[in-house]
Amino acid sequence: MTPRSRPGSGPRAGSPDGTENLSPAERYAASRARSSRDRADAEGELRLFRQEVGFELDPFQVDACVALEEGRGVLVAAPTGAGKTVVGEFAVHLALARGGKAFYTTPIKALSNQKYTDLVARHGTANVGLLTGDTSINAGAPVVVMTTEVLRNMLYAGSSALDGLAYVVMDEVHYLADRFRGPVWEEVIIHLPDHVQLVSLSATVSNAEEFGDWLATVRGDTAVVVSERRPVPLWQHVVVSAPEPRGVPRLMDLYAGHVDPTDPGTNPPINPDLQAMFRTSARAESSHGSSHGRHGHRGRGDRGYRGRGGNRPGGGGPVAHRRTPPRFAVVDSLDADALLPAIYFIFSRAGCDGAVQQCLRAGLRLTDAAEEAQIRRVVEERTATIPAEDLDVLGYWPWAESLARGIAAHHAGMLPVFKETVEELFSRGLVKVVFATETLALGINMPARSVVLEKLVKWDGTAHQPVTPGEYTQLTGRAGRRGIDVEGHAVVVDHTGLDPVALAGLASKRLYPLRSSFRPTYNMAVNLVGQVGRERARDVLETSFAQFQADRGVVGLAKQAQAHAEAMEGYAASMACDRGDFAEYMGLRRAIKEREKDLSRAASGARRADAVASFERLRRGDVVEVPSGRRRGYVVVLDPGRDDRGFDGPRPTVLTQEKQVKKLTLADAPGGVQVVTTVRIPKAFNPRRPDQRRDLASSLRNALGAFSGDGGSGRHPGRRGGPSGGGQGRRADAASDAELRRLRAALRAHPCHGCPDRDDHARWAERWERLRAEHDQLVRRVEGRTGTIARTFDRTCEVLTRLGYLARTDHTDSGATSSDREGTAPGSLAVTDDGRWLGRLYAEDDLLLAECLRRGIWDDLDAPGLAAAVSTVVYSGRREEASEPFVPGGPHGRLAQVLDATTRAWSEVTDLEAQHQLEATGPLDLGLVAPVHRWASGKNLDAVLRGTDVAAGDFVRWCKQVLDVLDQLAKAAPRPALRATARKAQTAVLRGVVAYSSV
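Take a look at the structure:
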């Protein structure tokens, strides 16, 4: 599709220029037709930049660059691989050409490292710097690549590095939807100085214009440039097993032959051959499933798939009529069809590692001798800094061997140097297939000819969830290398539950909405109050994208509420009565109706109480008449059920005349039960024995026969239970209720009661009442959405004030609520000394860290103990611990006591958050205490990880987060001794594989 561009000051959708009914592409074409500027002849720096890059820019790239050169902000939304980063690189070019600074921000360190390498290659090491949580290179350079958190911290600290800043590029800006880290992006956008031009690079989202409108509101004139066209067409396929047991998997097109894969439209038709195969398979499974067992099994003659090398992994196993092709067979098939290199997404780390081993056991080799030699040389160079004694525990040897064959895994559990080596080899075309988790889809420049998805469900940490259209677009966006491939290929592996129609819908829905995840944090609140005061801070937060979206949602509700109000005025005029106040008359009618309902409920409650009482009086051997309900008839009570009480009282166990043992509940006899006689039940009666049930049922029938022989009076000397009439005295009688009599008398005496048009007035009044109820509900919804961010900020400030990080500077009553003080004057809160160092803690659990520092909980720890304590705040295990984690020093040691105190502090913080209706601080996790303590104590990697299920790559990643917090403590801790311990802990942790950096 053709890209579209809508400047922030240009015509909006729905404007009177006649374009409101056009598609986005048609609107863009119309705007280009009206444009007097020929973008192909753009002059100035763009012409020089074109010569520098050496290739022709796409129209959407030209549009964005022209807007940038004109001094406007730019939002670029384009598919993965479309080349939107060219616009960011043009901003860097402009900064260098005009003597200003440019910051290039990314969501993850790996992407920062990669972008730093790219920019250094173009502009030289003197002009480019890098700042991440653990790396600082040439920070004073005119162009600095950094993670978004680093820029946020600079803004709050008022860093001098911001002097001369002219451009900020926010790569992968759609990351602001991330629940945990997304708010940082909005903080940066809101707090950047007004003169800074913002370049926002996003995936294709369905509400790009809404996001652009918000950017124009907070940043000024912003051009929105959207391209929905992939530079390389993407074909959609399903790979299925061959009909014969040892056949090569078949790659089948997803869409019918006449469908354009670059623009399939809504609900495109499916390849009829694929549909026929799925239907045939479904019928075969239905008709033959019973003869092959639940899953079906291979026959004796089925020796399994054999690859082109003649090898196959061992073992037969259960297969269905539509078998899922083995991973190595899929790779072998892609290689035969010249569809490598490929990224093979498996939503499991263990699955990725297992897939590599399966390919090796199958004898797959995807490289020639020359490529293998290059791979081994790169591997040795990239891993030269790893201590030799750590190679075994890191799994170096099998990893290197798989790379030599052109096969690799890529996931967060790998050592960073291993992942970076895989990325380099794949980008150079030496590694042919990478089995990866979805983390690879974020930003890392690893384009492939094909992308394979093993399944369309993934684990989100709590449950298996289907892949969304946005996720599918992001994952398959890597397929098709611009300038190399004529087309890209997205391949879904056939698996249980795969529906080709649903897959076609998933693949054709390429856009997804961008939703803000912004929320005020404690660190944010302290910094804002310190810089601009509480009231101004509330105004700033209400400019967030989250509030912008909420307010937009309010517009429709407010219009509906206004329409209701106008209609209510008309209804009120129609129900007006010349004899008196008809609204007052209707009030009496409503009061009578409510009183009658109350009396009816009271009577129902009394009847229910009588019924429960009849159950309470039952004894073993009672023969009970159930007068109505599902169990109508006679039963004998085996157990009164007083120990098996439900919400409605006892649930006795009974035997029916049909020899069935049942539970009797109030639902079976809502009117209660009556005891008509009794039978003797032997002490040794066993309800599980059919003969004893038969004998007791016979006794029941005999007793009932004797009972009916009394003349049918229904009386028996021992008769008990059932509604006895005692409840009648308790039941309120509507006829004798004084309040109801008073209301009815007032109704009859009202002037409107005698109006001949009374019924007509009443109909209009009822309509008015129904509409008023709807109107009130709408108003509540509007009020609930308006100012939500500011209200959360107020509650956050209340928590900070209770704990002493903020203090009131006015005379407001300390017991007043936040709502009582919403009108207080600016400056009514001030940052305390404790609050000032909280403002320098940027961890996710900032308040808990601050409480540990304020209370001195960590003051007496040594360096390894402090590192271990910090790990409890930053670490989050992938699964629940089966047993209590080991704590160095034992359960009564110094570290254990400190961790107990830390847990108490966390509990008190979460209690306070619950009181103020704030999201709770995440729980502590002691799973990394022992490994971090061992590592900081100087143990080798093997000793550190032995006996744990922590992967080496995970350990390094968590250690880097521990280092990040230790660095903050070394600067922000209120006591010098703790700052010194934090610096020692940094040195102790930053060694060996943890200290490795590729830049």
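Going by the working numbering, the sequence shown wraps up at 1206, each residue one higher than the last. Ideal Cβ positions, reconstructed from N, Cα and C, are used throughout, including at glycine.
Ranked by Cα distance from G1100, the first of A1127, V1077, G1072 is G1072. With contacts defined as CB atoms closer than 7 Å, V446 and P438 fail to qualify as a contacting pair.
Within a 10 Å sphere around the beta-carbon of D829 sit 16 or more other beta-carbons, which makes this residue buried. For P1183, the number of other beta carbons within 10 angstroms of its own is below 16, and it is reported as exposed. Within the model, the alpha-carbon separation for S821 versus E832 is close to 11 Å.
By alpha-carbon distance to Y1203, the top candidate from F418, A591, S540, D470 is A591. Annotation: H671 to F725 spans about 26 Å, alpha carbon to alpha carbon. A contact is defined here as three or more CB-CB pairs under 8 Å, and the region 742–753 fails this definition with respect to the region 766–778. Per the Cβ contact rule, the region 313–330 is in contact with the region 373–384 (3 or more Cβ pairs under 8 Å). The beta-carbon separation of I582 and L610, rounded to 5 Å, stays under the 8 Å limit for a contact. In the three-state DSSP reduction, F554 falls in the coil class, being neither helix nor strand. Within the region 562–601, the complete alpha helix (DSSP H) segments at least 4 residues long are 576–589, listed from N- to C-terminus.
With fewer than three CB-CB distances shorter than 8 Å, the region 393–405 does not count as touching the region 320–331. At the C-beta level, A686 and L441 come within 7 Å of one another. The region 389–399 makes no contact with the region 692–701, as fewer than three CB pairs between them are under 8 Å. The straight-line gap separating the alpha-carbon atoms of S1144 and V1169 is approximately 15 Å.
In the DSSP assignment, W1065 falls outside any beta strand (DSSP E), carrying neither H nor E. By the criterion of a C-beta distance shorter than 6 Å, L571 is surrounded in its chain by F535, once the five residues flanking it on both sides are discounted. CA-to-CA, the gap between P623 and G336 works out to about 21 Å. Taken in chain order, the complete alpha helix (DSSP H) segments of 4 or more residues contained in the region 1105–1170 are 1136–1143, 1148–1152. Non-local beta-carbon contacts of L1048 in its own chain, meaning distances under 7 Å to residues more than five positions away in sequence, involve N730, L1056, A1057, Q1175, A1179 in chain order.
For Q738, the enclosing alpha helix (DSSP H) begins and ends at 729–739. It is roughly 7 Å from the alpha-carbon of E579 to the alpha-carbon of R612. If you draw a straight line from the Cα of L1125 to the Cα of T999, it comes to about 7 Å. Taking the Cα of K870 as reference, the smallest distance to any Cα among E277, R556, P847 is reached at P847. Rounded to whole angstroms, the Cβ separation of G620 and D1161 is 5 Å, and the two are in contact under 8 Å.
Of the candidates A1037, L567, F552, F552 places its Cα closest to the Cα of V659. Contact annotation, A732 with L1135: C-beta distance approximately 29 Å; criterion of less than 8 Å not satisfied.
Nearest to H968 by C-alpha distance, out of G812, T884, R786, is R786.
Per DSSP, Q482 has no beta bridge partner at all. Between the alpha carbons of P533 and A549 lies a distance of about 16 Å. Judged by DSSP secondary structure, P673 falls within the beta strand (DSSP E) whose first and last residues are 671–673. Taken through DSSP and simplified to helix, strand or coil, Q681 comes out as helix. In this structure the region 340–359 does not lie against the region 260–276, because fewer than three pairs of beta carbons, one per stretch, are closer than 8 Å. Nearest Cα to Q565 within the set R530, E587, K800, A616: A616. In the displayed model, A1057 falls within a helix according to three-state DSSP.
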